[in-house]
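Residue numbers (my numbering): 50 to 375.
Here it is, written out as structure tokens:
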């Protein structure tokens, strides 16, 4: 339901309630004026109005009876019918008033709902209008910024074109001056002569370097025999060094094993120290302990280490000699 139709419905309901109250007052006035002849016309008007508003057949009959009572005066039994007619009028008016009140209440509720919806829509519209205003402001700012950037770009392009034109003019002027100077003093011809002389000098230098390299190559070829011999000796010494290193590693492993055995035997010695000296097992362990003394193994290790250092020194001297020969 739209707001306009809702307002029209409320106005119509109020008008209908007011009309019902007016008719009720007129009915009461007519009921009190039973001796007036002119009341018949008013009773007829009331009856027609109630008939137009949907009065029932009984109300129509009672209306005719009331009319007759108002015109000719009350007859026998008409007083009771008049009371019934009044009662029906009151009930009808009350029901119509209640219905109008319900319609008014319903219309008020609908009006409140529509008012809430309208307020919500107004708030949304205000927010959207505010956002639209912000967007317009932002758009105007962007347009101003765009126009400023465009003007700056045009100014920079104009400056660039002017600078480029000036540089081109200066370059052409400089080239022209250089050309005139060369033509006036024949600098170009002298330059060509100088270039030819420089090329000849460079060619002679390169030829001298080539001759020197050839002589060095011949010297290297003569010394290549000695170099090969030294290289062979170097390979042999390296191989011998690797062999000695492997042997040294083997001796170190044996030394570690002997040390472990010595520690084990010392532990056994501590265990059997309480045994008698004439025990056969004790005597055997003492002899085995003497065989694996650490001093003997240390002397062998020192001898091998000395030999390896001597070989490394010899190899270094040979490398130094090869370097000097080269």
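Note that beta-carbon positions come from the ideal geometry of N, C-alpha and C, so glycine has one too. A quick note: this is a predicted structure, and the numbers were derived from the prediction, not measured.
The Cβ-Cβ distance between residue 367 and residue 283 falls below 8 Å. In this structure residue 301 is exposed. Its beta-carbon is surrounded by fewer than 16 other beta-carbon atoms within 10 angstroms. When the beta-carbon positions are compared, residue 297 and residue 363 stay at least 8 Å from each other. With contacts defined as CB atoms closer than 8 Å, residue 72 and residue 149 fail to qualify as a contacting pair. When only Cα atoms are considered, residue 262 and residue 228 end up about 45 Å apart. About 7 Å separates the CB atoms of residue 279 and residue 370; that is less than 8 Å, so the two are in contact. Around the Cβ of residue 138, a 10 Å sphere holds 16 or more other Cβ atoms; the residue is buried. Sixteen is the threshold: since fewer than 16 other Cβ atoms of the shown chains lie within 10 Å of the Cβ of residue 258, the residue is exposed.
A distance below 8 Å separates the beta carbons of residue 356 and residue 293.
Straight across, the Cα-Cα distance linking residue 176 with residue 182 is about 10 Å. Straight across, the Cα-Cα distance linking residue 245 with residue 260 is about 23 Å.
Rounded to the nearest angstrom, the gap between the Cα atoms of residue 142 and residue 153 is 16 Å.
Looking at the backbone, the Cα of residue 271 and that of residue 289 are separated by about 29 Å.
Each residue's CA atom was taken as its position, placing residue 194 and residue 156 some 55 Å apart.
The alpha helix (DSSP H) runs of length 4 or more contained entirely in the region 181-211 do not exist; there are none. By the neighbour-count criterion, in which a residue is buried when 16 or more other Cβ atoms sit within 10 angstroms of its Cβ, residue 145 is buried.
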